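Protein chains in written order, with the numbering used here: chain A, 1 to 324; chain B, 1 to 324; chain C, 1 to 324; chain D, 1 to 324; chain E, 1 to 324.
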Amino acid sequence: MIVDCAHYSDGRRQHEGPMRPEEAAAICGREPGFVWLGMVDPSPDELFSMQATFGLHELAVEDAQGFHLRPKVEQYDEDIAFVVLRTARYLADREEVEFGEISIFLGASFLITVRQGAASDLHTARLRIEERPQLLREGPQAGLWAILDKVVDDYAPVVEELERDIEEIEQVVFSGAAAPVHRIYLLRREVSDFYRAVHPLLAPVGALARGGLLDVSPPVAQYFRDVADHLNLVNEEVVAQRDLLTTILQANMAVIGVEQSDIVRRISGWAAIITVPTFIASFYGMNFEHMPELRWEGAYPLVIALMVLTALGLHRSLKRAGWL
Amino acid sequence: MIVDCAHYSDGRRQHEGPMRPEEAAAICGREPGFVWLGMVDPSPDELFSMQATFGLHELAVEDAQGFHLRPKVEQYDEDIAFVVLRTARYLADREEVEFGEISIFLGASFLITVRQGAASDLHTARLRIEERPQLLREGPQAGLWAILDKVVDDYAPVVEELERDIEEIEQVVFSGAAAPVHRIYLLRREVSDFYRAVHPLLAPVGALARGGLLDVSPPVAQYFRDVADHLNLVNEEVVAQRDLLTTILQANMAVIGVEQSDIVRRISGWAAIITVPTFIASFYGMNFEHMPELRWEGAYPLVIALMVLTALGLHRSLKRAGWL
Amino acid sequence: MIVDCAHYSDGRRQHEGPMRPEEAAAICGREPGFVWLGMVDPSPDELFSMQATFGLHELAVEDAQGFHLRPKVEQYDEDIAFVVLRTARYLADREEVEFGEISIFLGASFLITVRQGAASDLHTARLRIEERPQLLREGPQAGLWAILDKVVDDYAPVVEELERDIEEIEQVVFSGAAAPVHRIYLLRREVSDFYRAVHPLLAPVGALARGGLLDVSPPVAQYFRDVADHLNLVNEEVVAQRDLLTTILQANMAVIGVEQSDIVRRISGWAAIITVPTFIASFYGMNFEHMPELRWEGAYPLVIALMVLTALGLHRSLKRAGWL
Amino acid sequence: MIVDCAHYSDGRRQHEGPMRPEEAAAICGREPGFVWLGMVDPSPDELFSMQATFGLHELAVEDAQGFHLRPKVEQYDEDIAFVVLRTARYLADREEVEFGEISIFLGASFLITVRQGAASDLHTARLRIEERPQLLREGPQAGLWAILDKVVDDYAPVVEELERDIEEIEQVVFSGAAAPVHRIYLLRREVSDFYRAVHPLLAPVGALARGGLLDVSPPVAQYFRDVADHLNLVNEEVVAQRDLLTTILQANMAVIGVEQSDIVRRISGWAAIITVPTFIASFYGMNFEHMPELRWEGAYPLVIALMVLTALGLHRSLKRAGWL
Amino acid sequence: MIVDCAHYSDGRRQHEGPMRPEEAAAICGREPGFVWLGMVDPSPDELFSMQATFGLHELAVEDAQGFHLRPKVEQYDEDIAFVVLRTARYLADREEVEFGEISIFLGASFLITVRQGAASDLHTARLRIEERPQLLREGPQAGLWAILDKVVDDYAPVVEELERDIEEIEQVVFSGAAAPVHRIYLLRREVSDFYRAVHPLLAPVGALARGGLLDVSPPVAQYFRDVADHLNLVNEEVVAQRDLLTTILQANMAVIGVEQSDIVRRISGWAAIITVPTFIASFYGMNFEHMPELRWEGAYPLVIALMVLTALGLHRSLKRAGWL
């Protein structure tokens, strides 16, 4: 489905409503400025018609059709670049990161964006670039910047939510409650997936920022550098989170070990307290004829006292030794 | 055994059935286009005859004969390149990845492929390239692309099957069932072997994609870039799986630790419940003459009640403390 | 808030009290030397007025406003560089590292510093540079050096305090006291955060030292090399601390394991000592009519002696075997 | 001891028996071809005489004298290269890898080899090169290739034997037998030592293969590439083995943990089965006068039945719960 | 304190006793050769006087004064290089590595060395260079080589002693004695510290060896390459030791786990052997009136036999199952 199609020239959008793609194709290259055509979950037919209209590369169109799972920036020799971005959204109820994809065809005079799955809304990216006329004048690369900026900005809340989950897990682990191994594991898996969405983008965005890819002009390059910088921050945070979750898993095992020692100690303590009086009771259950105590009148209360005292004494000394 | 031998020229196969190798050798270099000769598990004699006919390098032929175990792309100075690919197939019944090998001799006007073991069927690779006449015109490198594309495409189901196994293991580990240490270990070993089949290929395929190897022409280079891209994805997935399996092993140990604590706690709880009444029984088994209770008529039912009550009381408080 | 604003020329500060920013802007570029304007937690309005006055880049000003969390050195094409530094301070009472930020705009004839949070006091940096007239003559880069030097010098006590904490933890772990898993974990987290404040600075400061960034003149580059060298040392120490804390976590688990074995052994030993006499008591509690011992006069003391002797014997042999 | 000394020229050995070193030195540089002088465990005097005769560098001769422990390829400015190789041999009876060393002085017209310890027999290397006259014509570098090829070929059986040991250990670990921690550790140590013998050689042999070291001519470079390729394979296998052994150590710990849980469960099960009848016995050992059961005639067999039934019931339900 | 000061020219020391620094400074640059001035733990005043006399850089002198903790080689633009080396010595009684520092100022015609702490004795370095007149002619860089060579040679015994400690620990760990977690940890810490003294030196010494630093002349570069080679060996050994100690820590934990399982099994076995006879005793302690066995004459010895037999039978079957 085509959601918006507009002609940008002279630093501003040339018309209000969406243009038809044929018109857009006709304008391309003949009039100054560029065309930005946005599609959401397009049918194969829609994509093939775009391929024919704008002269896109067969392999790029194939990639744009399904989920590619790996972000990339590729320069095709016919002056068309193909960019794949992985978008991310945190689903609080399922403690999961949901990924979507944006594929971008970037020509000298057009920008075709293909959103798939839970992708970032690109309308805000359009607004972002429309607010900066001088940047808009630089051509479709300015649009690419706006999309990248939006996608990377949308990573930030995901990082924060993951951070919050990690903090929750920390509290559970160190409060001594039931150890949430499963939750730690699943979160680590989410963080790894997120890392794989973010990390392969670092090199190409860095190249865009240095002007070493797509012949980005210096003023636009600076905007890409800003994105590269945010991406670096996200990447470092994700790497740190992954490391943290590995450490939590280890710390959790140590906590379990400590707890186990504690349980064994506590149990053994109470066992000792009950075992000694039991022995005394067994002792006076012996059937020897010549056990003078058995006949003494005060023996029974004395033995009870002995039991109580040994139990109390043991309790006290074990408490002191930290076993109870 | 020679399975197919064809002359490709002008973007299409020049004849229907297979050609004899001597004919193929005669055509090579004299007529335009190139010859693709496919062998499966060839005898040493067959290989040596190819070596003589096509002027292949002694060392490359040696490598093609046995299993080389390591993918590579090598340029020999006489304009002949030698490529080794590791093919992979998942055997569901044995939860194993079976590897095969394809060795490729790539000359200016010929392409000799040697399949060994459970290798990908190259017939589909031929069809793939025959469908793209404009690519076929670029010469034998187009054939190399088709083979690489087929081999790397065949990695995808292996990755998926390994993923499915990992998910099964996750379920077992976190359901608290018997911990499948052996299965985790074996799967990790399979993933490591697969990684070694995939990873060394990254650099040379990347070089092919950048045009830095074999003087690949730009239009073909783009196709190689597509393969490089898929290979990168496979590689990242395999790396992630390896990391995941290491984490599962650790998580499994944590789960075992938690379970052990649980068992110890549960056992100790029940032991406590039975120990106290046992003590009471021992107590009234003492043989003192002056134990007035022994003579009281209601003492016996009272003691039974005491036993039941202490047992119930302990059961309740241990249940509350989460020990039972 | 503007805390200080001064004109430096000819190797010394040109006036005593702070200058107004408008005056400073008027001097810039027209008179020799440079202006150093220092702000602390500035309001957005203050920053925007600086942006207008000194022609700062929109994106840099945005970064300077909030916490950026990642140190960096960036060259903008209009001869203005933008530097972000993370300052660190150790809070002994909370065993935490508190971070602040210093953003620096470095023009050909001005230096604008923006301190945020618990940042290093830049007054000492000013004094440091004012003491070196020949360096001050080199322009605002000398000021950048003074700030970097101060910030990196302030890392040293943090490293030392973290070292002290690690030594405390080592003593606790190996004294066999309660294992401080939580403390180890939190400290490792602090060290990781600190690492992230220090590590991304290495590359740009190294580039400054080699003269490969901002066209630093050789005499100033040597001063940057000194900073780079200290930063390298801090970085290596932090990396070593992180590794150490991971090892401590593992060592702690081993210590817990050893302790647990010890407890189990000790408990079992005492259980054995009480179990054997209990068996003997049970034995003579049997009600057989024909147990001749029960009638022997010396049997009772003999049995007591037997109990005492087996208990002592067991105690002795277990002590020898290292179980008690 | 000098074991062989021959003059190679025109693609073949010029004489049958060994030559005297003085003759060899006299031929060097004056006649075409080159001299290959082989020594085994030479005395210092023998080495110093070679140093004088062939103008070897003092430091290289020092290195050749003792065990150097690190493979390397070094170019000395007087057109003499010095190569150190670590040879490896697997000792099945001691499950150890035995290392030896070969030092090689490579001049424009001579090749001096010094074997020390359990080094590969270089006679086969001579035969290998003598079989390839066209390679032999390329000069002493061909000899270097033959030696490298022989040494690297001899790594293969070591890798295989280590692999066999690892498989044995896997079987032991997962059969649940006594966990061979010591054996795993020692094997890992052997693998690490082997890695250190192989890994530093990768870079210089790679450089030889690319023609970037010793000005190797393209035809010989291809032979070095073949060696580099095998060396890469050995290196990857050793790295994989090291990783595997670390994983086995972890898996072993998990297996021990599982086993321990199992033992605790089994023991507790049997303890429960015996504890309940013991309680019943104690119960009827109480001395109350008013325990009507004690007088019932059928009470005794009933109680026995009760004991048997509770024991059987417990046994059954614990068996079902997987505790026995 | 100045320990020696000599003028080297024409390949030999020009005088016997030490020269005064003023004389040395006067000779510098005017007469051929160079001056080597050696100081041990100099006072700040001594250092500042050197700074003035020889025109040393302020920052280098600052570094030379205290402990710098990180080895480095720095080129200052006034043709003076500044080198910091970390010396190491093994203290067998405390199982510690003691570090010292040597700071070196290297000018075109002078060499100033500053020893601090437990540094290597540089007298042997002087003798080493005095024995090689042709090297001495190359100027102060020859002196630098001699010092580096001495310092790196002194690393070897430290590596050996650490190796010996590791072997001792291995024996303790695998003999099943008390697990020396603390000792492993401390040794790993020492090895890490040593690594930090050695590793940062690799890159600059490598650069010296390649002639890429300080414009080292080829004949001297070869001597530096020899040092670089030894340093590489030391570094690889230290890295291997660090890895080994991490593995030992893990192996130790596995050994502890195995031991614990063993203890639990052994204890449970003995508990079973005593529990069954105890149950039998309790059984015949019941007070039923109608227990015919109690009246049989042979019952008592029969029961004793039963107890002994069950105990022996259990002992035997547990022994067979490997539990005792």
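Ideal Cβ positions, reconstructed from N, Cα and C, are used throughout, including at glycine.
The model shown is predicted, which means the values in this text are computed figures rather than measured ones.
N-terminal and C-terminal residue of the alpha helix (DSSP H) that residue i is part of
i	result
residue 257 of chain A	218-283
residue 209 of chain C	181-209
residue 123 of chain C	123-130
residue 57 of chain C	Here residue 57 of chain C belongs to no alpha helix (DSSP H), and DSSP marks it neither H nor E.
residue 134 of chain C	133-136
residue 29 of chain A	No alpha helix (DSSP H) contains residue 29 of chain A, which DSSP labels as neither H nor E.
Cutoff 8 angstroms: residue i Cβ touching any chain H Cβ
i	result
residue 156 of chain E	Considering every chain present, this structure includes no chain H. Its protein chains are A, B, C, D and E.
Residue i, enclosing beta strand (DSSP E) - first and last residue
i	result
residue 82 of chain A	80-91
residue 145 of chain A	No beta strand (DSSP E) holds residue 145 of chain A; the alpha helix (DSSP H) holding it covers 140-174.
residue 294 of chain D	It is not in any beta strand (DSSP E) - residue 294 of chain D carries neither H nor E in the DSSP assignment.
residue 116 of chain E	110-117
Bridge partners - residue i, DSSP secondary structure assignment
i	result
residue 286 of chain A	Residue 286 of chain A is not bridged to any residue.
residue 96 of chain E	E:91
residue 72 of chain D	D:84
residue 6 of chain E	E:36
residue 67 of chain E	According to DSSP, residue 67 of chain E bridges with nothing at all.
residue 106 of chain C	C:81 and C:111
residue 12 of chain C	C:9
residue 101 of chain B	B:86 and B:116
Distance between beta carbons of residue j and residue i, contact taken as under 8 angstroms
i	j	result
residue 75 of chain B	residue 213 of chain B	7 angstroms
residue 390 of chain E	residue 87 of chain E	Since the displayed chain E opens at 1 and closes at 324, residue 390 of chain E lies outside it and no answer follows.
residue 189 of chain B	residue 233 of chain D	Going by Cβ atoms, the distance from residue 189 of chain B to residue 233 of chain D rounds to 18 angstroms, so no, they are not a contact pair.
residue 159 of chain A	residue 238 of chain A	7 angstroms
residue 113 of chain E	residue 127 of chain E	Their Cβ separation, rounded to whole angstroms, is 14 angstroms, which puts residue 113 of chain E and residue 127 of chain E out of contact at 8 angstroms.
Exercise. Which residues, taken in chain order from the region 249-260 of chain A, show a beta carbon closer than 8 angstroms to some beta carbon of chain B?
Worked result: 249, 250, 252, 253, 256, 257, 259 and 260
Problem set entry | Any 3 or more C-beta pairs closer than 8 angstroms across the region 14-27 of chain B and the region 311-319 of chain A | no
For this session: Report the residues of the region 277-289 of chain E with a CB closer than 8 angstroms to any CB of chain D, ordered along the chain.
Result: 278, 279, 282, 283, 285, 286, 287, 288 and 289
Exercise. Does the region 189-200 of chain E touch the region 28-43 of chain D, meaning 3 or more C-beta pairs lie closer than 8 angstroms?
Worked result: no
Exercise. When you check each C-beta in the region 68-84 of chain E against every C-beta of chain C, which residues fall closer than 7 angstroms?
Worked result: 69, 70, 72, 74, 76 and 77
For this session: Return the residues of the region 16-44 of chain E that lie within a Cβ-Cβ distance of less than 8 angstroms from chain C, sorted by chain order.
Result: none
For this session: Flag this pair as touching only if the region 131-138 of chain E and the region 211-226 of chain E have three or more C-beta atom pairs under 8 angstroms; answer yes or no.
Result: yes
Problem set entry | Contacting positions in the region 194-221 of chain C - beta carbon closer than 9 angstroms to chain A | 195, 196, 199 and 200
Exercise. Below 8 angstroms, can you find three or more Cβ-Cβ pairs linking the region 220-239 of chain D to the region 282-296 of chain D?
Worked result: no
Exercise. What residues in the region 225-242 of chain D bring their beta carbon closer than 7 angstroms to a beta carbon of chain B?
Worked result: 225, 226, 229, 232, 233, 236 and 240
Exercise. Is the region 264-280 of chain A in contact with the region 266-282 of chain C, if contact means three or more CB pairs nearer than 8 angstroms?
Worked result: yes
Exercise. Touching or not, the region 246-253 of chain A and the region 249-264 of chain C, by the rule of three or more beta carbon pairs under 8 angstroms?
Worked result: yes
Exercise. Which residues, taken in chain order from the region 310-321 of chain E, show a beta carbon closer than 7 angstroms to some beta carbon of chain C?
Worked result: none
Exercise. Are three or more beta carbon pairs between the region 159-168 of chain D and the region 90-100 of chain D nearer than 8 angstroms?
Worked result: yes
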